[in-house]
Each structure stands twice: as C-alpha cells, then as structure tokens.
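Line by line, the protein sequences are chains A, B, C and D.
For the first sequence, the numbering used here assigns the number 10 to the initial residue and increments by one for each residue that follows.
For the second sequence, the numbering used here assigns the number 23 to the initial residue and increments by one for each residue that follows.
For the third sequence, the numbering used here assigns the number 94 to the initial residue and increments by one for each residue that follows.
For the fourth sequence, the numbering used here assigns the number 742 to the initial residue and increments by one for each residue that follows.
Every residue gets a Cβ at the ideal spot worked out from N, C-alpha and C, and that includes glycine.
Please read the structure below before turning to the comments.
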Amino acid sequence: MALLQIEHLHKRFGALAATDNLSLQIHRGELHALIGPNGAGKTTLISLLSGSLQPDSGLIQFDGRNLLQFSEATRPRLGLVRSFQITSVFPEFSALENVTLVLQSQQGHSFRFWQVARNEFELRSKAKEYLKQVGLDQKSEIPAYALAHGQQRQLELAMALALKPKLLLLDEPMAGMGPEESLKVVELLQQLKGKITMLLIEHDMDAVFSVADRVSVLVYGHVIATSTPSEIRKNTEVCSAYLGEHEIPVAN
Amino acid sequence: MILLIEQLLNGLQFGVFLFLVSAGLTLIFGIMGVINLAHGSLYMVGAYAAAIGMQLTGSFWWGLMMALPAAAFTGWLVELVIIRQLYRRDHLDQVLATFGLILFLNELTTICFGRAPLFLSLPETLSISVEILPGLLYPLYRLLIIGTGLLLAFLLYLLISHTRVGMLLRAGTTHREMVEVLGVNLTLLNTGLFVLGALLAGFAGALAGPLISVEVGMGENVLILCFVCIVIGGLGSIRGALFGALLIGMVDTLGRAFLASGLRLILPLEFADSIGAALSSMSVYLLMALVLIFRPQGILPVLGRVR
Amino acid sequence: MLGVGFLLIGFPWFADWLDEPYLVSTASRIWIYALAAMSLNLLVGFAGLVSFGHSAYVGVGAYVVGILAWHQYEETNFLGLPGTLEGFISIPFAMIVSGIVALGIGSLCLRTRGIYFIMITLAFAQMLFYFFVSLEQYGGDDGLMMMAGRNKIPGLDLGEDRQMYWLSLVALGLVTWFLRRLSMSRFGMVLHALRQNETRLKAIGVPPYPYMLVAFVIAGALAGLSGALLTNHMEFVSPDFLHWTRSGDLLIMVILGGIGTWTGPILGAIVFLLLEEFLPLLFQEIGLYLFSEHWRLVFGPLLICIVLFAKGGLHALVFKQMKGVHGAFAN
Amino acid sequence: MKKLLQTLFGTLVLGMGLANAGFTQELVKIGMVTTLSTGGGYLGQDVRDGFLLAVEEEDGKLGGIPVEILVEDDGRNPVNGRQIVKRFLDRDRISILTGVIFSNISPVVAPMALKDGIFYISPNSAPSTFAGKKCHENYFVVSWQNDTLHEAAGMGATELGYKKALLVAPNYQAGKDALAGFKRFFKGEVIDEIYVKLGQNDYAAEIARIRAAKPEMVFQFLPGGMGINFLKQYSQAGLMKDSAMVVSGFSADIKILNAIGDAGSGIISTSQWNHDLDNAANQQFLLGFRSKFEREPTLYASQGYDTAKLIASALKATGGKVLEDKAGFREALKAAEFASVRGNFRFASNQHPIHDLYIREVVKKNGQMQNRILRKVATGHQDAYVQECGLR
C-alpha cells in the first residue's frame, strides 16, 4: 500500500483547470520527483497536499488516512511536511530558534508561559543536530534574515526535517541556489533517501535525474507519465511536452 | 405607512450622504493602501469654505462652489506633504500621522474661525417641502441630496468601470506593481485620486452645512461612521462603499425611528426608551461586527485582493 | 536598570525636593497608562494584532472597581453580591471581568485580520462605550464617583498620593516583568512567530487561533488592571475612559515609544502625557500664548514628524539601535 | 530614560522659576479649569472672558485685592481636569477654584478642592448631588442648578398655554435630568419622549416621528452642536409653524442663534439673564464686553462676570483674607452683596442661587437674530434639592 495515494484529483481556478484528473502514487521510502513545464500545476498540487487549498473533487489517501479531513495546521502532525518554494522562515529568529520552535511544536501545545524557552537545553541540542545535518551548525545564532539565500533554504530544510516527516514535500529546494550550494542539497537528499519518503519538485534536471528513484511528468495538471529516470528520458511524449519549454534532458 | 416611506427616504438620504464621504476614503485605501483619518477634516474644510463663501457672497451657491477648490487644494497639499510619505508605511504609521494631521487642522481652524459654530443656511427656494405623495411632505433639499448623491455615485461608476483611468485604478487596487510596470505615473494617479476623494468629501461637507452644525470636530463624527460603511462594504470597492453606506443609513435611521416604539410593546416604557436608545446607538457597530464575523472581508470585497 | 528602579521609587522625594508634590500624581497617572500601553503592546508588538478598542477593557476594569465601591457606599447588592472597597477583592475581580469580556470579544474579532481587525475591535469598543453611557444606575455619561475614597489595601493608605504612586509603579514593574518572562516562554515564541509569518506557523503544525485568543485575554485582563488603578487614582470613573480617542491615545503611546520594545510603551506614555500636560505650560512660560492655548497646533505635527523621521519611535531614538522584543532573547 | 526625565523636569523647574518669580504674598490666586477645546469650547471661552473682563475693570484687582487668574483647558476630559486641579492645589496653592463647564468634570474636581479646604465657586455646571445630599459649606454656584432652566421651560410652556408637548434629549444623565426638570413644572400632557444618541448628526428620523405625533410644542435639550443640527433640520422640515420650539437657555444662546440664522426665529427659550435686562450692572457688562471682545456675550459670559463680581464682593469684605479667614470669607460669599447682571440674586441654604427666571423669544432685529424677553416666569426661584442639603 502506497504512502501517498492520489486519485482523480480536480482543482479549477475559474476557467483554468490547474489540476485535472490527477492520479499519483508515492511508495514508502522512495524519492519521487515531479517535473513538468511551468504552469503545469506542480505548486498547486503541493498546496492541495499541504491543505492551503481544497480540491474540487478527488481523493487523497495518506498513510491509510483520508487526508482531506485534516486542516492545514494538523497535517504536519500526521507526518506530511512541506518546504516552501519562496523561502519562508521566521526572519527575526536566529537559525537555532527557528528549528527550536519547530521541535517545541512537535511536543504538543505551547501553552507554557513561565519557563524561559532558550533555557530548554535538550530542545536546543536536538535543534543543533538538525542544523548540523543541513550544514548550518556554524550559523546557529545568526538571525535568519541575515543568512544568505542558500543558507535560508538549508534552514528551511532543517525545519522540515525537524518535523520528522513521513513524507517530505520539497517545492524547488534548490531555487536560486549557487551550484556548490545546490550540490550540498543534492548530497543531503542522497543521505535522506531511504530514511524519508520525499516528493521533489525541481527544475534542475541534472539534480532530479541524479537523485530520483521515480519521476512523474505533470502537464496541464495531469500526470502523463511515471517511471524510472532512464525510462522517462526515452519517453517521446515527455520530450514533446517540453519542446520549447526546457532543453530535453540528456544523459548526465 | 406614510411614516415608513418617509423614514425609508430619510435612510436613503443619510446613506447617500455617507457614501459621498466614504467613496474617497475607500478609494484612497483601496488604491494607495492609506488609512486616512484626516479625511473627515477635508469634509470639515468643505463645510467651512462653504460657510465663509456664503457669508462673503451672500449666496449659498457661491459657497458651494467655493467648497470644491478649497477642499481640493487642501487635499492636494496634504497628499503632497504627508500622505505621499506614507504609501509604503504600515497602517499604524498612517493612523498615527493622519491623527496628528486631524489635531493640527482642527486647531488651525479654531484659530482662524473661532470656536463658535459658523452660520450656513439654505436659500428660500430650497428650504421648502414638496408633497411627493399625498400626505407626505418631504424637504426639497433632502431630495436634492439624494439626487446629487446618486448622480455622483453613477458618475463614479462610469469613471471606474468605463474609462482608462478607472481601469488603471481597478488594476491598482489588485496589482499595484503591474500598473507601475505599465509605465503609468502612479504618483500622479495617486495625487489625482486623493484630490478626487477630497473633492467628494468637501462637497459632502458643503451639502451637509445647511443641515448640521458647522464646527470644529464635525469631521470626526462622520469619519468613524464612514469607516464602518466601507468596512462593511468591503474595503477599496466603490460598489461596496455605496452598499455599506446605504445599509448603514437605513439601519441607523430605521433603528432610531422604530426601535424604541417597538420595544414599548414588549417592555415597560422606562426600559423601552433607554434600552431602545442604547440599542439604536449601538446598532451600526453591532451590524459591522456581525458582518465581519460572517464575512471577514466585508460584503462586496475587491476580488483577488487579500489584506 | 536597578539604578533607574531606585530613582523611580525615590521619585516622590525628588518631587518634594523640586517642591512640586503634584508631580507624584502626574507620575502615578503615567505609570497607569504605561501599564495599559504595555498590555496593548502584547497584542500590537508581539502578536502583530492591531487592536483599536483597547480602552474598552481599561474601562470595564475601571467600572468594576467603581461599581463595587458604589454598592458598598449605597449598601446595596450587585447581582446578589454586596459591594466592596477592599482592593485585593475588587482589583483582581476587575482583571477577571475584563479578561472574560476580552475572551468573548476576542473569540469573534480574531476571525478577521489587518484593517478589518482594527475596525471590528473598534466596533466592540464603541458598543461598550454606548452601553456605559446608557447605564443610568451608574451615572451614565456623568460617570461614577468613589464617594468613600480609594480602595482599601491592608498595610497601605491609598488615600495618600505617594502610596498610590508606589502601587502603580509596582504594578507596572510586575506586569513588565511578567510580560518579559512571557515573551521568552514557549508561548511567547509562538506569538513572535505569529507576527513574523503566520502561514509558516501553520506549516509547522501550530494553529494560531488559540494562541492569539489567549494573548488577547491576557492583554484584556492587564488593561483591566490599569483601569482598576485608574479608577482609584481618579476616585472616579466615566465613559470617557472608553471613548475611542482613548484607544487612539494608547496606540499612539505604543507607536510613539516603539512598537514591540520593552521600554517603548513606558517612554511613549511618559512623553505623550507630559507633552499633553505641560506643553501648554511651557509655551506660557516662554510667552507664546497663542500656542499655550492651541498647543495641539504643535503637538499634531510633532506626532507626524515622529512617524516620518523617527522610525522605531523614541525607543530607537533613546537606545540608538532598533532592538525589538525578539532581541530580548536573540542574545 | 533617566536623562529624559531629568531634562523634562529641568525645563519644568525653569518654567516654575519664571512663573513664581515676583509674586507677593497678598496676591489671591484663583484657579480656573475650564473647557476651551472640543465642541463645547466657546462656553469656556465666554466664561473665561466674562470673568477676566471683571478683573480688567479693576485692572488686575477684584474688590481692590490684586488677584492672579490661572486659566487652563481640561479638554472636557475628567482625567486631564484632575491633573490640572492637582497642580493648582499643590503647586500654585490657589485659594479659589472656578471655571468648570461640564458636569462630567465637576464631580472629579469639586471634591478635590473641598477636601483641600479651598473654595469652589461654579460659574456653570451644578449637578444635583452637590445641591442636595453632598452640598458643602465651601461649595457655591453662581449660575443655576442644572435643572433650573429646564424647570423654567416647563413653567414657560405652561404659561404660554401649551397642552401637548413632545420631549427630545440625548440618552444620558444630563438629558434625562433635563426632561425631569421640564416635567416637574409642566402642567400639560407629555405625548412622547425621544432619546437620541450622544453626538448625533442627522435627525431626519426623529423629525419624522415628531411630524407624525403632531405635538403643540417640542422641548429639546441637545447640547452644543447637536442642538444646532436639530434646530436647522427642524425648521428645514418646516415644523416651526406647526409645533413651537421651547428650549432652555443653553440651546438658544447668541452663538447658536448666529449659527442657525433665520431658522431660529420664533424659538422660545428660558434664561436667568438676557442682554435686554435693564439694570446698571448689565449695562456696564454689555458695554465692556462688546467693546473688549467685539462680539455679543452669551449667558455663560454673564455667569463668568457674575462669578468674578461675587468673589470681588467677598474679597472686599474680608480685605483679601480667603484661607486665613475661611469663616469670614464664607459669610461674605453667602451674603452675595454684589450687583448681579441678572438683577435680584441671593443664595439659598445650599448656596445655589435664588433668582428670577424669564422666557425669551428669538426675533430678528436690524439683521441680527437675538433673544427678546417675553415675560418673567418665576420670581425668587430656588432649586428642588435644597431640602436634601444639611446646611442652614
């Protein structure tokens, strides 16, 4: 039984069908990449999964539960965690505080009014580990707004990991990163592979084809193909979908 | 029956009047994203200018004519000196700055024209009542206000939805950046818009002059009510402002007209009166609260804009 | 900081030395308003919720004390309960009632955001204003006198202005301390996060609403406390306390002082109230009689200038660098 | 923050220095906390100007005693009022407090003054509590008790033979007191009472109700701007001729008449004073006021003037001893041996005035609207609360 099971999902914005009878399966432990031309409805799908949008029709099964009955704020608790396309951290908090807040939210409600949060050392040490994992442990005390863009993306990732996701939705984690930064991320993804199930949305084809176990191609809100990277490369339909849009992915 | 019709007319007239002030307020907020507490002061300027003008020329009409340039000029000056600095600031700064502006304008008016309310009245020709229905006499002037108000509303509608300027304005409410990209001179557009708002407010002030006391602080009384109107209607939308204004006008008027007498049927007279009065004075805010609870964006919000 | 503390405690003697004893009551009033501004800052500065109806909770707290005292004086009952002049009963009671009112109003208002939130909080405040105006039994618009003087607190004689001053000062101190702790707690972290990025907060599995509501209630209760003190200070309460311009004043104090800072609300209250009280005098002294009567002519532009040129309010001016509440635990 | 405080007090101390400089001891200090800003501003302005006129007539003296008058604006806000009075008492050590206009200020400041043992002499506001239960030996009222002019309206309406009256007032205490006062002396039938919102602008709804009710007369107490709005719209709706308008003096002072113009003609109003009262003091007052301020005085101005004259008479009698000889000063005040611009004037046992009341009619005289006395409706009227007062 797949971890995430999407069946006949529909979402319209007025005349535009952003998601059109979309069906997709993501198996436990795999790194599943989702590619497609701009406006294919990738981000819409993420929003539908994370709950910031509601589908018009269709069914989403997550970990054996009907996802649609859970609110945006409760889905992370189920283990369905997203990272944002536009960097979204708490700018005034230090990197450490960003992650600490996430961990604290993991431990149920935060109605504790007296104990000083920054003195809760076990929280902070855990948080440091996550920062280390993404290679930010040197920057832990720096306010997020002062971090370089790439580092903010890394922080974002750390926060996502801190939520102990069963499924991690990665919305273009390498957007706006320099080559060496994105290389870091690819390495990180390699490490996480197998431990966490991931749905990766990314334009950087080299990255995608190097890390993904399976790739799905989304065009006009509809999945036209799902297969291994090598299969996908051969697939003519995909190429045609990409003509004029992107360079045809060639062997790396 | 006659009474009901008359009260409905009163409600309509009050609503239309509120619309004249609200229209500018909502446009200024919608397009420039500026909360202008000093909008009420422009209304006051209009009334004062009309009063002074009438005392100088002895003619109500000249007073009315003088109100427009006065309000427009004040509006222009205010936009140039202060509002322009506030476009990119957050609402709090705007509230504080324009509040300071109110203090200043009020005090200045006091110094120039004294504390006593000014005199402004109607020419004989207008201060008559006409029989619009058998047995229903209604002041001609109030009818006039209804007429001009609705006319202006219609003109605004044309301006907003059938002219290039209007197109830009509408675009401005939702996609400010896009309009800038189009190479439109937004500063000019804004100034023009602000002046337009000032004109409407000033005109409303001049119209109200003969009916209400022309005195310092008259602006604040009407200001809050107008904010209620545009919030109920949905910020930034002229349609919303009109709708909200009419709704408030009706609710307020009818509440005052029938609530107390209605309560007397079920309560002892003593309570009925005070409770009725208390309720009718709250009614407007009650309404706003209800609307916002069920439609947090107002009743006719501008589509595609989240604030 | 400690030095400042002693300075403030010793202020009554300083006032005597100046031979200006009335400054003590001026100061008590300042601390009381600073307390209210502080509670408003919890909403505006921490959680980013701009409430334009905060004086409502001040007013409710004020009326609770006033009404209890009135019943005690008239020896009548209030909802079956006898009135009281005992401070340690009526003041906490005032906080509780304000808190409850805040709970009711907040639970509705918090469905909206931004300018709509500003307006709906104003709406409820106005309703309460007209409610008290039409409360004939308690003096309506004319308000309610504390015929038997200020509240009684064992070991204190509030009738004596100094003791009233110290009470207000201590109250302000405790509230500041409490809010400081609060802002550094887990709860505080959530509030700060809320201000910075609500969507993200949801994305890490934290529903904002309950936290906002609790913050709203705390702010309301603290406002109630300042109201209770105000009634005692004034020995009088009237709907003026709830008028929307008072809410405006509180907001101005917060912005003037520096939103989301610790000293901000206090500085704001000090400067705002001192200007309001002494600007006319100063102009009189220097012979600008026009301005001494029309001091607002100067005060208005002053506010504007502070907005336009002193970003971050007096706090930023005094402490040169902008350091928000979040700074308090960022280092 | 420390710095801030010190600099602030620094400037203050400097200020005090200047202020206190060159004061001699026998100077009697009179504190005047009044309302100059906000809607009711012109009331305070006239009380102040009337008062200062009297002081100026004796160039800086009252009853031959040099006085210093400290005037401050309470902005109609009791909290500010309290601060000002606190300062008057502690810093300026005044011996007489006066000037209060509105009834939401007096309950705050009067007790302060009395507790401090100085004299409180009201030129305007006089709530019933201080006329009755809480009357005080050092508390004097020169103007009237709050209900008085409303009661006079009741008498007037009766004398003019009106049978069916409709009453309008704001939904707050003073408004309800006003209607109570009117009803206390009105013999006819009250067919309806309409309570309106404080600070209301538009009265179309109420006016429609009035037209439907067809009363012979309307009595309204809508202070300041509200009254002007109402009167303008009332006459605009052409109701003046159907239902006469009877108001208390506050709603028909010269300022209001100027503001509503011809619309005001025919309004019946009551007052304890009018410009056409023929007595020497009044002539002197009018002459002085008009020449100094180039405007017509309101009844408030006359009250300010009377207040000053009363204080003058007492200072004269005690040779400037106020706090040194409280008993003497009190007796001198009670004697009220001064020429009031309203003619007969003496104090009742609760130290509120006993005086004559008139009804006036608004007429247009050489282009100006003004009040003309119709007749006297009460001679030696005193308020209804005097029995509740313990003083004898």
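Nearest to C:ALA149 by C-alpha distance, out of C:LEU265, C:ALA218, C:ARG389, is C:ALA218. Here D:GLY1121 is exposed: its Cβ has fewer than 16 other Cβ atoms, across all protein chains shown, within 10 Å.
In the structure shown, B:ASN243 adopts helical secondary structure according to DSSP, grouped into three states. Counting every other CB atom within 10 Å of its CB across the protein chains shown gives D:CYS1130 a total of 16 or more, marking it as buried. When rounded, the separation of the alpha-carbon atoms in D:LEU811 and C:GLN377 is 11 Å. A:GLU246 has its alpha-carbon roughly 8 Å from the corresponding atom of A:ILE233. Counting only unbroken stretches of 3 or more residues, the beta strand (DSSP E) elements lying wholly within the segment 195-227 of chain A are 206-210, in sequence order. Proximity to D:ILE1052 across D:SER1043, D:ALA1042, D:VAL1063 peaks at D:VAL1063, based on C-alpha coordinates. With the criterion set as a beta carbon lying under 8 Å from some beta carbon of chain B, the members of the segment 985-1009 of chain D are LYS996, ILE997, ASN999, ALA1000, ILE1001, GLY1002, ASP1003, ALA1004, in sequence order. For D:ASN1112, the secondary structure class from DSSP, reduced to helix, strand or coil, is strand.
Look at C:TYR302 here: in three-state DSSP terms it is helix. Chain C places no beta carbon closer than 9 Å to that of A:MET186, leaving this residue out of the contacts. Of all residues in the segment 138-164 of chain C, those with a C-beta nearer than 7 Å to a C-beta of chain B are VAL143, reading in chain order.
Annotated as proximal: D:GLY840 and D:GLY772, with beta-carbon spacing under 9 Å. Cβ contact annotation for D:TYR783 (same chain, cutoff 7 Å, sequence separation greater than five): LYS996, in chain order. Listed by position along chain D, the residues whose Cβ is nearer than 7 Å to that of B:TYR65 form an empty set, because the closest Cβ is around 11 Å away. Taking a beta-carbon distance threshold of 9 Å, A:THR109 counts as an interface residue toward chain C. Annotated three-state conformation of B:VAL38 is helix, per DSSP. Between the segment 898-912 of chain D and the segment 293-303 of chain C there are fewer than three inter-stretch CB-CB distances shorter than 8 Å, so the stretches are not counted as touching.
Secondary structure of D:ASN942 (DSSP, three-state): coil.
Beta-bridge partners assigned by DSSP to D:MET773: D:VAL812, D:THR839. Among the residues of chain C, those whose CB is under 8 Å from the CB of A:THR83 are GLY298, PRO300, following chain order. Judged by DSSP in its simplified three-state form, C:MET240 adopts coil rather than helix or strand. The bridge partners DSSP lists for D:TYR936 are D:ALA910. Looking at the DSSP output, D:PHE881 shares a beta bridge with D:ILE862. Note on geometry: alpha-carbon atoms of B:TYR160 and D:ASP918 lie some 33 Å from one another. Put simply, the backbone Cα of C:LEU172 is about 19 Å away from that of C:GLY233. For the set A:LEU166, A:VAL111, A:VAL90, A:GLY38, the Cα lying nearest the Cα of A:LYS204 is the one of A:GLY38. A contact between stretches requires three or more CB pairs, one per stretch, nearer than 8 Å, and the segment 113-125 of chain B fails this requirement with the segment 70-81 of chain B. Annotation: D:LEU838 has no Cβ neighbours in chain C at a cutoff of 9 Å; minimum Cβ distance is about 14 Å. Pairing A:GLN163 with A:GLU138 gives a Cβ-Cβ distance that is not under 9 Å. Counting only Cβ-Cβ distances below 9 Å, C:ASP333 has contacts in chain D at ARG817, ASN818, PRO819, VAL820, ASN845, in chain order. At least 9 Å separates the beta-carbon of A:THR28 from that of A:LEU13.
DSSP places B:GLY219 within a helical segment (H, G or I) once states are collapsed to three. Any Cβ of chain C closer than 9 Å to the Cβ of B:ILE124 would place that residue at the interface, and such an atom is present. Remark: C-beta atoms of B:SER44 and B:ILE252 approach each other more closely than 9 Å.
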